[in-house]
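Some notes on the structure that comes next.
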Amino acid sequence: MKKRKTGRSKLQWKRVDLHLHTPASTDYLEPGVSYLDILRAAERKGLDIIAFTDHNTVAGYRAMLDEIEAVVLLERLGRLQPEEERRLKEYRRLRKKVLVLPGFEFTATLGFHILGLFSPETDVRELEFILRLLNIPLDKLDLGSTEVGATTDVLTAYRVIDESGGIVIAAHADSTHGVAMRRLGFGGQTRIAYTQDPHLHALEVTDLEKRGRRTTARFFDGSRPEYPRRMHCIQGSDAHRL
Numbered sequence: 022m023k024k025r026k027t028g029r030s031k032l033q034w035k036r037v038d039l040h041l042h043t044p045a046s047t048d049y050l051e052p053g054v055s056y057l058d059i060l061r062a063a064e065r066k067g068l069d070i071i072a073f074t075d076h077n078t079v080a081g082y083r084a085m086l087d088e089i090e091a092v093v094l095l096e097r098l099g100r101l102q103p104e105e106e107r108r109l110k111e112y113r114r115l116r117k118k119v120l121v122l123p124g125f126e127f128t129a130t131l132g133f134h135i136l137g138l139f140s141p142e143t144d145v146r147e148l149e150f151i152l153r154l155l156n157i158p159l160d161k162l163d164l165g166s167t168e169v170g171a172t173t174d175v176l177t178a179y180r181v182i183d184e185s186g187g188i189v190i191a192a193h194a195d196s197t198h199g200v201a202m203r204r205l206g207f208g209g210q211t212r213i214a215y216t217q218d219p220h221l222h223a224l225e226v227t228d229l230e231k232r233g234r235r236t237t238a239r240f241f242d243g244s245r246p247e248y249p250r251r252m253h254c255i256q257g258s259d260a261h262r263l
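Note that this note's numbering has the sequence shown beginning at 22, numbered continuously upward.
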């Protein structure tokens with residue numbers, strides 16, 4: 022007798038890093054790194070999905086796409102040099118193995134950091150439009166700096182990114198520039214709002230692998246009356262080098 026198909030696809034675990042920087046961030050620590058180098062490093066680490074999340078810009082993601090587009094055009098014209106052909110083959114090989122999501126690390130009012138992640142089908146110009154909605158100045162769209170002046174408050178940023186089709190993650194929420202960092206100079210109601218807002222999808226934490234009652238994931242597990250929404254917690258590298 023044949024087994025009945027349940028219609029449910031088989032779930033698979035994926036290794037992801039949803040917070041890494043490229044040379045487009047001004048505080049990138051490793052000169053001379055190429056976008057191919059970043060993809061190769063992701064492959065070596067066994068990552069299936071990565072996200073380019075430079076500071077207040079998508080210039081790094083755009084630079085990678087521009088580089089690929091340039092060599093593809095040369096291929097169509099029959100003008101590829103051997104080195105360019107090798108580079109294009111390597112890009113094609115790696116992009117079959119590693120999915121690259123476009124995104125950014127937005128600096129909200131008072132210096133809080135928020136990750137916005139998007140589908141790879143999203144046009145770069147649309148991403149830049151979202152950054153403009155978040156009040157990133159036009160002359161600083163390619164800067165890749167955390168210093169971009171007065172922008173948008175945390176809750177508005179959550180809403181704008183979410184309504185634009187993005188995934189909203191509070192970056193290193195329990196650490197520097199994080200919305201859940203202890204000893205911040207604001208009251209409990211603000212902390213509740215910043216971590217329980219319906220437009221926020223997850224918290225990035227620095228202690229995900231720790232065990233015990235005092236971890237960030239345990240704190241936001243939905244068991245506290247004032248924090249009733251269980252928050253998904255992830256851990257990214259926040260890498261500024263390979």
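All C-beta atoms, glycine included, are put in the ideal place defined by N, C-alpha and C.
Residue environment, residue i, which counts as buried when at least 16 other CB atoms sit within 10 Å
i: GLU126; result: buried
i: PHE150; result: exposed
i: PRO249; result: exposed
i: ALA72; result: buried
i: ASP195; result: buried
i: PRO123; result: buried
i: SER46; result: buried
i: LYS23; result: Bear in mind that the predicted position of LYS23 carries a pLDDT of just 48, short of 50, making it unreliable; the figure below should be weighed with that in mind. LYS23 comes out exposed.
i: PRO44; result: buried
i: GLY165; result: buried
i: LEU221; result: buried
i: ALA171; result: exposed
i: GLY53; result: exposed
i: LEU68; result: buried
i: LEU50; result: exposed
i: LEU131; result: exposed
Rounded C-alpha distance that separates residue i from residue j
i: GLY209; j: ARG108; result: 52 Å
i: ASP160; j: ARG262; result: 26 Å
i: ILE135; j: THR74; result: 10 Å
i: LEU41; j: LEU98; result: 35 Å
i: ALA80; j: LEU162; result: 8 Å
i: TYR215; j: PRO103; result: 52 Å
i: SER244; j: ALA238; result: 11 Å
i: GLU105; j: GLN33; result: 35 Å
i: ASP58; j: ARG36; result: 18 Å
i: VAL121; j: HIS193; result: 21 Å
i: VAL119; j: THR227; result: 24 Å
i: ASP48; j: ILE89; result: 25 Å
i: LEU229; j: ALA201; result: 14 Å
i: ASP87; j: ASP242; result: 42 Å
i: LEU60; j: LEU154; result: 30 Å
i: THR211; j: TYR179; result: 14 Å
i: SER140; j: PHE240; result: 30 Å
i: ARG83; j: TYR56; result: 11 Å
i: THR177; j: ILE70; result: 28 Å
i: PHE133; j: LYS31; result: 38 Å
i: ASN156; j: HIS76; result: 14 Å
i: GLU11; j: ALA260; result: Residue 11 falls outside the range modelled here, since the chain spans only 22 to 263, and no answer is possible.
i: VAL181; j: GLN217; result: 16 Å
CB-CB length for residue i against residue j, believed under 8 Å
i: ALA129; j: THR173; result: 6 Å
i: ILE255; j: LEU101; result: The pair is not a contact, with the Cβ atoms about 40 Å apart (cut-off 8 Å).
i: GLU247; j: ILE213; result: 6 Å
i: ALA191; j: GLU147; result: No, ALA191 and GLU147 are not in contact; Cβ-Cβ is about 23 Å, not under 8 Å.
i: VAL189; j: GLY137; result: 6 Å
Legend entry - Cβ contact check for the segment 230 to 241 and the segment 99 to 115: 3 or more pairs under 8 Å: No, the segment 230 to 241 is not in contact with the segment 99 to 115.
Legend entry - beta strand (DSSP E) runs wholly inside the segment 151 to 228, at least 3 long, in chain order: Listed in chain order, the beta strand (DSSP E) elements of length 3 or more contained wholly in the segment 151 to 228 are 188 to 191, 223 to 225.
Inset, instruction - Report yes or no: do the segment 167 to 185 and the segment 87 to 95 share at least 3 C-beta pairs separated by less than 8 Å? - result: Contact fails between the segment 167 to 185 and the segment 87 to 95, because fewer than three Cβ pairs, one in each stretch, are under 8 Å apart.
Legend entry - Entirely enclosed alpha helix (DSSP H) segments - the segment 25 to 68, minimum 4 residues: If you keep only unbroken alpha helix (DSSP H) runs of at least 4 residues inside the segment 25 to 68, you get 56 to 65.
Legend entry - Complete beta strand (DSSP E) runs within the segment 98 to 144 (minimum length 3 residues, chain order): DSSP runs (the beta strand (DSSP E)) wholly in the segment 98 to 144: 120 to 128, 134 to 138.
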